[in-house]
Amino acid sequence: MRDAAAGSRPAIFEGPQGAQRAHEGGSESLSTVDRHDADLPLPSDSQQPGEHWDGGRTGAVAHVETGAAGAQRPAAILQALNHLEHIVTIHTEWLKNWHLEVMSGIATDHPAAITPPRLELPQWVDHPVLRQHPHHQDITDLLTTLQRQAEGIAEVVRHTGAIPTADYGTFMNTVLAFASAVRQLQSDTWNQLANVDPLTGLGNRRAMWRKLRIECERQARNRHPCCLAMLDLDLFKEINDTLGHGAGDAVLRAVAAALTESIRPYDAVFRFGGDEFLLCLPSADLRAAWAIIERLRLKIGNLLIPVKQGDEVSTTISVGIAPMDAEPGVEASLERADAALYSAKRHGRNRVCVWNERLA
């Protein structure tokens, strides 16, 4: 958190309606050292991805639900893992009972009477986390194949009293393929959990580094622009000190939800640490990135965030933007975005500052 500069306290409003609010900071969006960027023409709405943004243009105050969007994602991933474990248990029990029924029919010389249990296919698509996995349909197809093969073997046993060796070998190969696919899905889901910030549901710093290196390599190959935006909540310590850390957590979740809802489909947002967030904006040069982030600054500044006992709090953000280049690399690009953020703080907060050589 960078709040060395003097400034007003965050606005806190009593009661559910929040009464009247005062906006902290000026309407200027670039620090004085970066005023030359204000002359750049901004993309129109028809040109700018992310048309679902309201951009704060009406000046209306938006009320947000702090439990929304990404805040529940870690819990959802754990739920998916439990769901997956339950599916494995069901499958194992079915496989055991199927073998017992088929073998008992052969052993008692009454194969025609066997009634192997039917595999009830789990509803993979019912869980959104598992649905997102690139191979979830492959696993469902394996289960469908298992059911068909099991029924085919049982039918042969009913008529001949013997297990068809080749068909049984194919069946067991499918069983092993299913087990391997599920293990991979479990591993991928656990890895997904390890990359999520538990408070906000955003990607954590581990996920951030992986994403930035991928984007940096892509930028080096095709030379398409990519920008980083380092975002910091203004006077966040005042919220914690005045209303407690629970209120601070509510603000972080609300800002994370606003970021998630407002970025373009191919952008990425991460919790960098504390009250800092990082946005990766592929295919955006400084002009486009400035337009995206300026709209986001206005949107967050218009939020009224419920905290406790009917109180609501508003917050503003300071943002530093820098291009991400293969040279000087990810770390140096992050340092440039951080320097631009510091400049935004130093020149009054609640503004967007674009990096240039004078900030080096």
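Numbering (the working numbering), first residue to last: 693 to 1052. All residues carry an ideal CB built from backbone N, CA and C; glycine is no exception.
Within the DSSP secondary-structure output, residue 1010 pairs in a beta bridge with 924. Counting along the chain, residue 1027 sits inside the alpha helix (DSSP H) bounded by residues 1022-1038.
Residue 953 carries a helical assignment under DSSP once its states are collapsed to helix, strand and coil. Closest in C-alpha terms to residue 995, from the list 942, 862 and 961, comes 942.
Selection 958, 997 and 1007 evaluated against residue 904 yields 958 as nearest (Cα-Cα). Put simply, the backbone Cα of residue 800 is about 17 Å away from that of residue 847.
For residue 835, no beta strand (DSSP E) run applies; the uninterrupted alpha helix (DSSP H) run containing it begins and ends at 828-852, by DSSP. In this structure, the beta-carbon distance from residue 985 to residue 950 does not fall below 8 Å.
In this structure residue 1042 is buried. Its beta-carbon is surrounded by 16 or more other beta-carbon atoms within 10 angstroms.
The alpha-carbon separation between residue 970 and residue 826 amounts to approximately 26 Å. Taking a C-beta distance under 8 Å as the contact criterion, residue 1046 and residue 978 qualify as a contact pair.
With respect to residue 946, residue 893 sits apart: the two C-beta atoms are not nearer than 8 Å. A residue is called buried once 16 or more other Cβ atoms fall within 10 Å of its Cβ, and residue 989 is buried on that count.
Your pair residue 1017 and residue 911 checks out as a contact, with CB atoms roughly 7 Å apart and the cut at 8 Å. For a cut-off of 8 Å, the C-beta gap from residue 820 to residue 873 is around 19 Å, too long to register as a contact. Per DSSP, residue 960 lies in no alpha helix (DSSP H) segment; the continuous beta strand (DSSP E) that holds it begins and ends at 960-965. Residue state for residue 1019 is assigned as coil, using DSSP reduced to three classes. DSSP places residue 970 in the strand class (E or B) of the three-state scheme. At the C-beta level, residue 844 and residue 803 stay beyond 8 Å of one another. For residue 988, the enclosing alpha helix (DSSP H) stretches over residues 978-993. In the DSSP secondary-structure assignment, residue 938 is not bridged to any residue. By the neighbour-count criterion, in which a residue is buried when 16 or more other Cβ atoms sit within 10 angstroms of its Cβ, residue 954 is buried.
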